[in-house]
Structures are given as C-alpha cells and as structure tokens.
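A.B. asks:
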Amino acid sequence: VSDSATDTTTVAYGQQFVYLPVILKDSGDIPPTPTPTPTGVPPTETPTITPTPCSPTGVDLVVTNIEVQPASPASGQPATVLVTIRNQGTTSVAFGNNFFLDFYVNRTPQPLLPGDITWGIQGVDLSAGTSRTYSASYTFNGGTHQLWAQVDTDNTVDECPFEDNNVRGPIPLTVSGASVGQGSGLSVPNTQPRHTPTPPGTPEPAVTPTPY
C-alpha cells in the first residue's frame with residue numbers, strides 16, 4: 056500500500072497570493088486474497104463399534120412376570136410379591152452355577168445391585184425351557200411405586216450373547232394410604248458377586264467313576 060502528497064507553496068506578491076493545489080494520489084489498496092476452501096477432505100465418520108465376540112452358550116435367563124397380591128395392597132399391610140423367570144434358551148443352567156434374582160421398589164436395577172427382595176436361585180432349577188415363580192412377603196408404603204426385577208444380577212451365568220435382557224420393569228403399583236417414599240435397599244452396587252451356596256441335601260448329578 057502506498058500514498059503520496061504534494062506540498063502547497065504560497066508566494067506573496069505585495070498583497071496578492073498564489074496558491075498551488077495539493078494533488079493526492081490514489082493509494083491503490085489491494086483487497087486481501089480470500090482463503091481457498093480445502094477440497095478433497097473426507098467428512099468425519101462415526102466409528103463403528105464392534106461387539107466383543109463370544110461363544111454362544113444356549114442359556115438365556117429372562118424375567119417374564121412381576122405380580123403383587125393383592126393387586127391393590129394397603130399401606131402397612133403385608134403383600135405377596137411373585138416374580139417369574141424363565142430359561143428361554145436351548146441349554147440348561149449347569150448344576151452349581153447358582154445366581155441371584157432381585158426385586159426392586161422405586162430403584163432401577165444395575166449389575167451387582169442387591170434388591171429390596173433377594174432370592175438365591177440354584178442353577179439346576181432352570182433347565183432349558185423351564186419357568187419358575189418365586190414369592191416373598193413385602194410391606195409397601197402408600198402412594199405410587201415402580202417395580203423392577205433382575206435375574207442373574209451378579210452375572211454369574213454365561214448367557215452369551217443374551218446378557219442384556221435380564222431386567223423387567225418398571226411395573227406401576229398403587230398402594231392405598233398415606234404417600235411415603237419407599238425403596239429401602241442400597242443404591243450402591245456390590246464390588247464383587249455374592250456367594251450362592253448349594254443348599255444341603257441337594258443331589259449332585261451321578262458321576263461314573265473312572266477305573267484305574
């Protein structure tokens with residue numbers, strides 16, 4: 056960018072003055088060169104998440120029903136909670152591969168999170184295609200509640216690739232009486248799976264001894 060100027064010199068002749076004009080030269084500003092838009096750059100793509108491979112086991116545990124009797128219990132009165140689970144897979148749960156079934160009131164199930172009611176289930180009870188119902192007494196406070204159930208809470212049964220269908224809920228329940236918050240269980244999951252011992256007297260599968 057450049058510019059120039061011309062001085063004006065005033066010459067006096069008695070009482071008269073001669074003025075020379077100032078002549079300005081155009082600076083000739085040059086507009087900046089625009090930045091070109093890059094071409095040939097591929098758009099950013101979302102990476103595809105590849106599921107962790109596993110070997111199918113044929114076991115698939117699910118919760119098929121949550122029921123409370125009576126259906127409209129009264130606040131402070133014991134009610135019966137029934138939870139039905141099913142092995143809808145083609146393979147039986149192995150003997151000794153025990154697990155937990157948990158029932159929750161106003162709490163969303165999580166892995167390793169104990170329920171407000173807990174049942175220790177023997178693996179031998181869930182052969183392929185078998186359904187079983189477990190019951191327990193529970194006293195609800197008044198108000199509206201959300202009920203949940205989770206089978207194999209501690210993930211002790213290998214259900215590959217059906218590990219993500221163990222939860223059922225929320226099931227709404229209205230209890231007559233004063234509305235009081237409820238959900239007495241802990242909301243912090245355990246750090247380790249719980250131990251589910253086989254009850255005394257449970258027969259093991261017959262084993263043919265190997266001759267020496």
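Just so we're aligned, residue 56 is where the sequence shown starts under my numbering, counting upward by one. Quick reminder that beta carbons are idealized off the backbone N, C-alpha and C, glycines included.
(1) In terms of alpha-carbon separation, which member of Asp213, Ile140, Ala129, Val230 lies closest to Trp174?
(2) Can you say whether Ala204 is buried or exposed, counting buried as having 16 or more other CB atoms within 10 angstroms of its CB?
(3) Which term fits Val243, buried or exposed, when burial requires 16 or more other beta carbons within 10 angstroms of its beta carbon?
(4) One question on the structure: do Gly170 and Phe154 come within less than 7 Å of each other, judged by their Cβ atoms?
(5) State yes or no: is the C-beta of Gly197 within less than 7 Å of the C-beta of Ser130?
(6) Taking Asn120 as part of the beta strand (DSSP E), name the residues at either end of that continuous run.
(7) What's the C-alpha gap between Tyr193 and Leu168?
(8) To which residues does DSSP link His200 through a beta bridge?
(9) Taking the alpha-carbon positions, what's the Val117 to Asp209 distance?
(10) Using DSSP with H/G/I as helix, E/B as strand and the rest coil, what is Asp180?
(11) Where does Pro164 land, buried or exposed, given buried means 16+ other C-beta within 10 angstroms?
(12) For Ile176, I'd like the list of residues in its chain whose CB is within less than 6 Å of its CB, leaving aside the five on either flank, ordered along the chain.
(13) Return yes when at least one heavy atom of the ligand FAD lies under 6 Å from the C-beta of Pro169, else no.
(14) Quick one: residues in its chain with C-beta nearer than 8 Å to the C-beta of Pro111, no 5 flanking neighbours on either side, listed in chain order?
(15) Quick one: what's Asn142 bridged to in DSSP?
(16) Going by beta carbon distance, what residues of the same chain come within less than 6 Å of Thr27, once the five residues before and after it are set aside?
(17) Please report the straight-line C-alpha distance between Ser190 and Leu137, rounded to a whole angstrom.
(18) State yes or no: is the C-beta of Pro248 within less than 7 Å of the C-beta of Thr199?
(19) Measure the Cβ-Cβ separation of Asp115 and Gly144 and say whether it is below 7 Å.
(20) If I follow the unbroken beta strand (DSSP E) through Ser186, where does it start and stop?
C.D. replies: Checking against the coordinates, here is how it stands:
(1) Ile140
(2) buried
(3) exposed
(4) no
(5) yes
(6) 116-124
(7) 19 Å
(8) Leu228
(9) 14 Å
(10) helix
(11) buried
(12) Phe154, Leu156
(13) With respect to the ligand FAD, the structure offers nothing, as it holds no ligand at all.
(14) Cys215, Pro216
(15) Leu116
(16) Past the boundaries of the shown model lies residue 27; the chain is included only from 56 to 267, so the question cannot be answered.
(17) 4 Å
(18) No, they are not a contact pair.
(19) yes
(20) 186-194
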